[in-house]
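K.L.:
One structure, pasted below without further comment.
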Amino acid sequence: MRTGEGKQRSGRDLPATTCRLLLVRHATAEGNGRFQGHRDVSLTSAGRRELRLLCEKCSQYPVRAVYSSDLRRARQTANAVAQTFGLEVDVRPDLREMQFGQWEGLSWNQIVRRFPKLAALWVERFPRQTIPGAEPLSRFKKRIAAGVSGIVAANRGQCALIVTHAGVIRFTLGKVLGLPAQNLFRLAQDSCAVNVIDFLETGAVVRCINA
């Protein structure tokens, strides 16, 4: 999905009522591809190498505030981006990934082997099927919606950046786009993905996904 051009793309002349929000997925971390959830893992050496290109991509936007999930993989990514703009990182626990209970730290193949019936039900009934010990989806959605809306309200007329996780980004995009939860996994979110949303008085416009 392409962004607009020129000033509209960078957001250098945003209306006072608009917040341009960059939602950035963290760089490649240890155990990428697993249901990491609240596991506090670090970036890999490959992930640290990805940061240079990410900072170049973000530098085209006039970012005035940088926020991050409190998990290490997000904070390490956010610290690199914030240095590009000479900013400090505002760490927010409510921007964490969902907690996955029994599935935390497992790959999908491991989940299918260990919990075959539950895995099949989860695919068939998502988002109604729960994972034992996991954060309830309703609580997760409420948590991240409150976190994002608070940041938007605090940055009207400005461009702000959040470094967070794939689940947080997908549900935020899904809410703006009106997508049913079962379709959210169709939104690719690669490591260091940049997504751009303009929050206007009249609603929100998605300008960029997984750039």
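Under numbering that gives the first Met the number 0, the first residue of the sequence shown is numbered 0, with each subsequent residue one higher.
Glycine included, C-beta positions come from ideal geometry on N, C-alpha and C.
In whole angstroms, what is the alpha-carbon distance linking Thr76 and Thr16?
P.N.:
Taking the sequence shown and counting its residues from 1, the one referred to as residue 76 is at position 77. Taking the sequence shown and counting its residues from 1, the one referred to as residue 16 is at position 17. Computed Cα separation, rounded: 29 Å.
K.L.:
According to the neighbour-count rule (16 or more other Cβ atoms, all chains shown, within 10 Å of its Cβ), is Leu199 buried or exposed?
P.N.:
Position 200 of the sequence shown, counted from the start, is the residue given in the question as residue 199. Leu199 is exposed by the Cβ-count criterion.
K.L.:
Within its chain, find whatever has a CB closer than 8 Å to the CB of Ser41; leave out the 5 residues flanking it on each side and keep chain order.
P.N.:
Sequence index remark: in the sequence shown, residue 41 carries index 42 (1-based). So the qualifying residues of the chain are Ala28, Glu29, Arg71, Arg72 and Gln75.
K.L.:
Whose CA, out of Gln35, Val204 and Leu22, lies closest to the CA of Val80?
P.N.:
Residue mapping note: residue 80 aligns to position 81 of the sequence shown, counting from 1. Closest by alpha carbon: Leu22.
K.L.:
Looking at Ala159 and Ala64, is the spacing between their C-beta atoms short of 9 Å?
P.N.:
Translated into positions along the sequence shown, residue 64 becomes position 65. Translated into positions along the sequence shown, residue 159 becomes position 160. Taking the C-beta atoms as reference points, Ala159 is found nearer than 9 Å to Ala64.
K.L.:
Is Asn194 helix, strand or coil by DSSP?
P.N.:
Translated into positions along the sequence shown, residue 194 becomes position 195. DSSP places Asn194 within a strand segment (E or B) once states are collapsed to three.
K.L.:
I'd like to confirm the pairing. Which residues does DSSP put opposite Leu160 in its beta bridges?
P.N.:
Residue 160 sits at position 161 when you count from the first residue of the sequence shown. According to DSSP, which records beta bridges pairwise, Leu160 is partnered with Leu21 and Val65.
K.L.:
Pro131 to Trp107, Cα distance in whole Å?
P.N.:
Numbered from its first residue, the sequence shown carries residue 131 at position 132. Numbered from its first residue, the sequence shown carries residue 107 at position 108. Taking the Cα positions, Pro131 is about 16 Å away from Trp107.
K.L.:
Checking the sheet assignment: what are the DSSP bridge partners for Val90?
P.N.:
Taking the first residue of the sequence shown as 1, we reach residue 90 at position 91. According to DSSP, which records beta bridges pairwise, Val90 is partnered with Ser67.
K.L.:
Below 9 Å between beta carbons: does that hold for Phe99 and Ala133?
P.N.:
Within the sequence shown, the letter at position 100 stands for residue 99. Within the sequence shown, the letter at position 134 stands for residue 133. Yes. Within cutoff.
K.L.:
Please classify Ala210: does DSSP put it in a helix, a strand, or coil?
P.N.:
Within the sequence shown, residue 210 is the residue found at index 211, counting from 1. Residue state, collapsed to three classes: coil.
K.L.:
Does DSSP put Leu199 in a helix, a strand or coil?
P.N.:
Taking the sequence shown and counting its residues from 1, one reaches residue 199 at position 200. Of the three classes helix, strand and coil, the one that applies to Leu199 here is strand, per DSSP.
K.L.:
Under the rule that 16 or more other beta-carbon atoms within 10 Å means buried, what is Ser137, buried or exposed?
P.N.:
On the sequence shown, residue 137 is found 138 positions in, with the first residue counted as 1. Classification for Ser137: exposed.
K.L.:
Going by the DSSP bridge assignment, what does Ser148 pair with across the sheet?
P.N.:
Start at 1 with the first residue of the sequence shown, and residue 148 comes out as number 149. According to DSSP, Ser148 bridges with nothing at all.
K.L.:
Using the C-alpha atoms, what's the distance from Ser190 back to Glu4?
P.N.:
As a first step, residue 4 must be located in the sequence shown, where it is residue number 5. As a first step, residue 190 must be located in the sequence shown, where it is residue number 191. Its pLDDT being 36, under 50, Glu4 is placed unreliably in this model, and the value from its coordinates should be taken loosely. Using only the alpha carbons, I get a separation of about 24 Å.
K.L.:
Which whole-angstrom value describes the C-beta separation of Leu178 and Ile208, a residue pair presumed to lie in contact below a C-beta threshold of 8 Å?
P.N.:
In the sequence shown, residue 178 corresponds to position 179, counting from 1. In the sequence shown, residue 208 corresponds to position 209, counting from 1. That pair is no contact at about 12 Å.
K.L.:
In whole angstroms, what is the alpha-carbon distance linking Phe125 and Ala180?
P.N.:
In the sequence shown, counting from the first residue as 1, residue 125 sits at position 126. In the sequence shown, counting from the first residue as 1, residue 180 sits at position 181. Going by the C-alpha atoms only, they are around 8 Å apart.
K.L.:
Please look up how many angstroms separate the CB atoms of Val162 and Ser68, rounded, as I've assumed it's under 8 Å.
P.N.:
Residue mapping note: residue 162 aligns to position 163 of the sequence shown, counting from 1. Residue mapping note: residue 68 aligns to position 69 of the sequence shown, counting from 1. The Cβ separation is near 7 Å, so the contact holds.
K.L.:
In the DSSP assignment, the alpha helix (DSSP H) including Trp107 goes from what residue to what residue?
P.N.:
Reading the sequence shown from its first residue, position 108 is the one you call residue 107. Element bounds for Trp107: Trp107 to Arg113.
K.L.:
On the CB-based measure, 16 or more other CB atoms within 10 Å of its CB, does Met0 come out buried or exposed?
P.N.:
Within the sequence shown, numbered from 1, the residue matching residue 0 stands at position 1. Residue confidence is low: Met0 scores 41 on pLDDT, short of 50, so the model does not pin down where it sits. Its coordinate-derived value is still stated next. That one is exposed.
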